[in-house]
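K.L.:
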Amino acid sequence: MLPEVGEDGQEKLFNARVLVIGVGGLGSPAGYYLTAAGVGNLTIVDNDQVDLSNLQRQIAHSTKTIGMPKVESARAMFEALNPDVRISPVRQRVTAENISGLIDGHDIVVDCCDNFATRFLINDACVLLGKRLVSGAILRFEGQLTTILPHEGHCYRCEFEDMPPADIMHSLQTAGLVGAVPGVIGTLQALEVLKLILGKGDVLKEHLLIFDGLKTRFRRVRVPRNPECPVCGNKPRIISLKTEIYS
Ligand SMILES: [Zn+2]
Numbered sequence: 440m441l442p443e444v445g446e447d448g449q450e451k452l453f454n455a456r457v458l459v460i461g462v463g464g465l466g467s468p469a470g471y472y473l474t475a476a477g478v479g480n481l482t483i484v485d486n487d488q489v490d491l492s493n494l495q496r497q498i499a500h501s502t503k504t505i506g507m508p509k510v511e512s513a514r515a516m517f518e519a520l521n522p523d524v525r526i527s528p529v530r531q532r533v534t535a536e537n538i539s540g541l542i543d544g545h546d547i548v549v550d551c552c553d554n555f556a557t558r559f560l561i562n563d564a565c566v567l568l569g570k571r572l573v574s575g576a577i578l579r580f581e582g583q584l585t586t587i588l589p590h591e592g593h594c595y596r597c598e599f600e601d602m603p604p605a606d607i608m609h610s611l612q613t614a615g616l617v618g619a620v621p622g623v624i625g626t627l628q629a630l631e632v633l634k635l636i637l638g639k640g641d642v643l644k645e646h647l648l649i650f651d652g653l654k655t656r657f658r659r660v661r662v663p664r665n666p667e668c669p670v671c672g673n674k675p676r677i678i679s680l681k682t683e684i685y686s
């Protein structure tokens with residue numbers, strides 16, 4: 440019924456092929472809304488299995504699927520919501536070796552992972568393959584969102600050139616969070632994907648959106664493309680994906 444979508448738009452959604460990496464706190468709401476909107480082909484990648492401690496934020500899973508691979512648990516939930524969507528579960532850890540094969544055949548990548556190494560790997564792979572990427576991240580009460588259109592706008596490394604030191608990465612990744620925050624960011628990731636598919640509105644190209652859940656405040660920060668960027672800059676030093684870059 441929306442003039443921005445219409446029958447044409449519904450057709451575009453149905454033909455779209457979206458890859459969601461991670462079906463945890465971000466991938467659950469993102470996957471839910473993409474499925475509900477009628478995105479026709481959704482590949483979900485995750486190597487984990489459902490644990491009771493996940494359930495305060497990972498709403499694609501339930502007490503009935505504890506112990507099950509997350510991709511199977513999420514598939515059952517998404518298919519029950521919309522049986523017309525083709526869900527392809529891939530139970531794998533994303534690595535420098537397999538990521539190009541996973542991305543191949545998809546129009547848009549949604550980064551819903553929970554660690555820096557994978558976030559940098561997904562960014563670099565999308566830049567090298569020229570694939571559009573919607574990236575989300577969460578820490579405690581704060582969430583971040585950005586949309587990367589390779590060589591048209593910035594990439595993740597234009598702002599954060601390299602991964603933080605190992606001890607900082609570890610403390611950030613084990614910091615804990617409040618479930619509704621990834622709910623907000625994952626939902627916005629789905630909205631960015633829908634706009635990219637429909638070609639409507641403005642996405643967060645060259646912008647980072649920061650959400651402060653404690654203060655209920657959104658802030659948009661401009662992130663220009665960096666000509667010195669190691670992957671999308673004028674003289675890139677990352678020209679292929681090597682495991683040692685991400686360990
Ligand atoms: Zn860049």
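Count along the sequence shown from 1, then add 439; that gives the number in this note's numbering. C-beta: ideal position from N, C-alpha, C; glycine also. None of these values were measured; they are calculated from a predicted model.
Which full runs of the beta strand (DSSP E) of 3+ residues lie inside the region 522-582, going along the chain?
P.N.:
525-529, 547-550, 571-578
K.L.:
Measuring CA to CA, which of A476, R596, G448, D490 is closest to G463?
P.N.:
Counting from one through the sequence shown, the residue named residue 463 turns up at place 24. Cα-wise, what sits closest to G463 is D490.
K.L.:
Enumerate in chain order the residues of its own chain whose CB-to-CB distance from M516 is below 6 Å, with the five nearest sequence positions on each side excluded.
P.N.:
Within the sequence shown, the letter at position 77 stands for residue 516. Cβ within range, chain order: A499.
K.L.:
Closest to T682 by C-alpha separation, out of R456, V459, I561, M440, would be which residue?
P.N.:
By 1-based counting over the sequence shown, the position of residue 682 is 243. Ranking R456, V459, I561, M440 by Cα distance to T682 puts I561 first.
K.L.:
Beta-carbon within less than 8 Å of G477's beta-carbon, same chain only, minus the 5 sequence neighbours each way: which residues are those?
P.N.:
Counting from one through the sequence shown, the residue named residue 477 turns up at place 38. Counting only Cβ-Cβ distances below 8 Å, and skipping sequence neighbours, we find Q449, L452, F453, N521, D523, V524.
K.L.:
Quick check on the DSSP output: the beta strand (DSSP E) that includes N486 runs from which residue to which?
P.N.:
Position 47 of the sequence shown, counted from the first residue, corresponds to residue 486. Annotation: N486 is outside any beta strand (DSSP E) and is labelled neither H nor E by DSSP.
K.L.:
Taking L633 as part of the alpha helix (DSSP H), name the residues at either end of that continuous run.
P.N.:
Translated into the one-based positions of the sequence shown, residue 633 becomes position 194. Residues 619-637.
K.L.:
Quick check on this structure: which residue in K503, Q583, V459 has the alpha carbon closest to the alpha carbon of D543?
P.N.:
As a working mapping, residue 543 is identified with position 104 in the sequence shown. Looking at the Cα atoms, V459 is the closest of the given residues.
K.L.:
Taking all protein chains shown into account, decide if Q495 is buried (16 or more other Cβ within 10 angstroms of its Cβ) or exposed.
P.N.:
Along the sequence shown, one-based indexing puts residue 495 at 56. Exposed.
K.L.:
Candidates I547, R571, E536: which alpha carbon is nearest L557's?
P.N.:
Taking the sequence shown and counting its residues from 1, the one referred to as residue 557 is at position 118. Before going on, a small fix: residue 557 reads as Thr here, not Leu. Among I547, R571, E536, the Cα nearest to that of T557 is on E536.
K.L.:
In chain order, what residues of the same chain lie with their CB nearer than 8 Å to the CB of V604, ignoring the 5 residues before and after it?
P.N.:
The residue labelled residue 604 in the question sits at position 165 within the sequence shown. The sequence as given places Pro at residue 604; Val does not occur at that position. Counting only Cβ-Cβ distances below 8 Å, and skipping sequence neighbours, we find nothing.
K.L.:
Please determine, among V632, D546, R664, I636, the residue with the shortest C-alpha to C-alpha distance to E598.
P.N.:
As a first step, residue 598 is located in the sequence shown; it is residue number 159 there, counting from the start. Relative to E598, the option among V632, D546, R664, I636 whose CA is nearest is R664.
K.L.:
Would you kindly work out how many angstroms separate the C-alpha atoms of G582 and I607, rounded to a whole number?
P.N.:
For this step, residue 582 is matched to residue 143 along the sequence shown. For this step, residue 607 is matched to residue 168 along the sequence shown. Computed Cα separation, rounded: 18 Å.
K.L.:
Can the beta-carbon of E645 be found closer than 8 Å to that of V573?
P.N.:
Residue mapping note: residue 645 aligns to position 206 of the sequence shown, counting from 1. Residue mapping note: residue 573 aligns to position 134 of the sequence shown, counting from 1. The answer is no: Cβ separation not under 8 Å.
K.L.:
Pull up the distance between the alpha-carbon of C594 and that of R571, whole angstroms please.
P.N.:
Position 155 of the sequence shown holds residue 594. Position 132 of the sequence shown holds residue 571. Straight-line Cα distance between these residues: approximately 10 Å.
K.L.:
Do you know offhand how far A564's Cα is from G540's?
P.N.:
Position 125 of the sequence shown, counting from 1, holds the residue named residue 564. Position 101 of the sequence shown, counting from 1, holds the residue named residue 540. A564 and G540: Cα-Cα distance of roughly 10 Å.
K.L.:
Apart from the five residues just before and just after Q488, which ones in its own chain have a Cβ nearer than 7 Å to its Cβ?
P.N.:
Translated into the one-based positions of the sequence shown, residue 488 becomes position 49. Within the same chain, Q488 has close Cβ partners G506, M507, P508, K509.
K.L.:
Indicate whether F580 and L465 have their beta-carbon atoms separated by less than 8 Å.
P.N.:
The residue given as residue 580 occupies position 141 in the sequence shown. The residue given as residue 465 occupies position 26 in the sequence shown. No, the pair does not count as a contact, with Cβ atoms beyond the cut-off.
K.L.:
Comparing the CB of G463 with every heavy atom of ligand 1, is any distance shorter than 7 Å?
P.N.:
As a working note, residue 463 is residue 24 in the sequence shown. The nearest non-hydrogen atom of ligand 1 is 7 Å or more from the C-beta of G463.
K.L.:
Could you check what DSSP says for P508 in three-state terms: helix, strand or coil?
P.N.:
Mapped onto the sequence shown, residue 508 falls at position 69. Note: P508 maps to strand in three-state DSSP.
K.L.:
Just to confirm, are I649 and V642 a CB contact at a threshold of 8 Å?
P.N.:
For the purposes of this step, residue 649 is identified with residue 210 of the sequence shown, where counting begins at 1. For the purposes of this step, residue 642 is identified with residue 203 of the sequence shown, where counting begins at 1. Result no, Cβ atoms of I649 and V642 do not sit closer than 8 Å.
K.L.:
Suppose the cutoff is 7 Å on Cβ atoms and the five residues either side in sequence are ignored; what does the same chain contact list for R456 look like?
P.N.:
Against the sequence shown, residue 456 aligns to sequence position 17. Around R456, the same chain offers N480, G544, H545, D546 as residues with beta carbons nearer than 7 Å, after the five sequence neighbours per side are excluded.
K.L.:
Taking 8 Å as the cut-off, decide whether the C-beta atoms of Q497 and C551 are in contact.
P.N.:
Locating residue 497 in the sequence shown gives position 58, where the first residue counts as 1. Locating residue 551 in the sequence shown gives position 112, where the first residue counts as 1. Contact: no.
K.L.:
What residues match up with I587 in a beta bridge as DSSP calls it?
P.N.:
Residue numbering aside, residue 587 sits at position 148 when the sequence shown is read from its first letter. Answer is L572, bridged to I587.
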